[in-house]
Amino acid sequence: ILRSESELIQERTEKYFKDVYDHIIQATDLAENYRDMMMNLQDLYLSNVNLKLNEVMKVMAIVTCLLAPATVIGGIFGMNFDEIPWLHTSYGFFLAVSVMLVIPIIMMVIFRKRGWY
Numbered sequence: 015i016l017r018s019e020s021e022l023i024q025e026r027t028e029k030y031f032k033d034v035y036d037h038i039i040q041a042t043d044l045a046e047n048y049r050d051m052m053m054n055l056q057d058l059y060l061s062n063v064n065l066k067l068n069e070v071m072k073v074m075a076i077v078t079c080l081l082a083p084a085t086v087i088g089g090i091f092g093m094n095f096d097e098i099p100w101l102h103t104s105y106g107f108f109l110a111v112s113v114m115l116v117i118p119i120i121m122m123v124i125f126r127k128r129g130w131y
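In this note's numbering, each residue carries its 1-based index in the sequence shown increased by 14.
Encoded structure:
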């Protein structure tokens, strides 16, 4: 309407149309700024969620690593073979449990020294 030289619009009305057009441009710019801010906030939120998820995954990985040796030792001693070392000795059970406890403790010390936990 503003660009055409229409005789239907009076000069006095044209000023109001220009003012409305300026307001629309400002509102559009403001909406784009708010959209950019919302996208930045969404990125920040997703980054925080990913950070928390990474922390949880780190703890789960450490727990898995600490329990893996005990699982392997328990699996080996749970087999139905007669020729497993320490199986028929009086100290076999206590030795197996000791190894199941000592290995994770050593692993935890190593993890702490490396700054993983």
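No residue lacks a Cβ here, since even glycine has one placed at the ideal position from N, Cα and C.
Just so you know, these numbers come straight off a predicted model, no measurement behind them.
Exercise for the section: Tell me whether serine 112 sits in a helix, a strand or coil according to DSSP, three-state version. Expected result: Residue state, collapsed to three classes: helix.
Handout entry: Exposure of isoleucine 75, with buried meaning 16 or more beta-carbon neighbours within 10 Å
Key = The question names isoleucine, yet the displayed sequence has alanine at residue 75. So alanine 75 ends up on the exposed side.
Problem - Contact check, methionine 51 vs cysteine 79, beta carbons under 9 Å - result: No; because the gap between Cβ atoms is not below 9 Å, this pair is not in contact.
Practice task
Tell me, to the nearest whole angstrom, how far the beta carbon of methionine 114 is from that of alanine 84; I am working on the premise that it is less than 8 Å.
Solution key: About 4 Å separates the two Cβ atoms, so the contact holds.
Practice task
Count the other CB atoms, across all protein chains shown, that sit within 10 Å of the CB of alanine 41; report buried if there are 16 or more and exposed otherwise.
Solution key: By the neighbour-count criterion, in which a residue is buried when 16 or more other Cβ atoms sit within 10 angstroms of its Cβ, alanine 41 is exposed.
Exercise for the section: Tell me whether methionine 45 is buried or exposed, calling it buried when 16 or more other Cβ atoms sit within 10 Å of its Cβ. Expected result: Here the sequence assigns alanine to residue 45, which means methionine is not the residue at that position. Counting Cβ neighbours within 10 Å, alanine 45 comes out exposed, since fewer than 16 surround it.
Problem - Straight-line gap, glutamine 56 to isoleucine 87 (C-alpha atoms, nearest Å) - result: 47 Å
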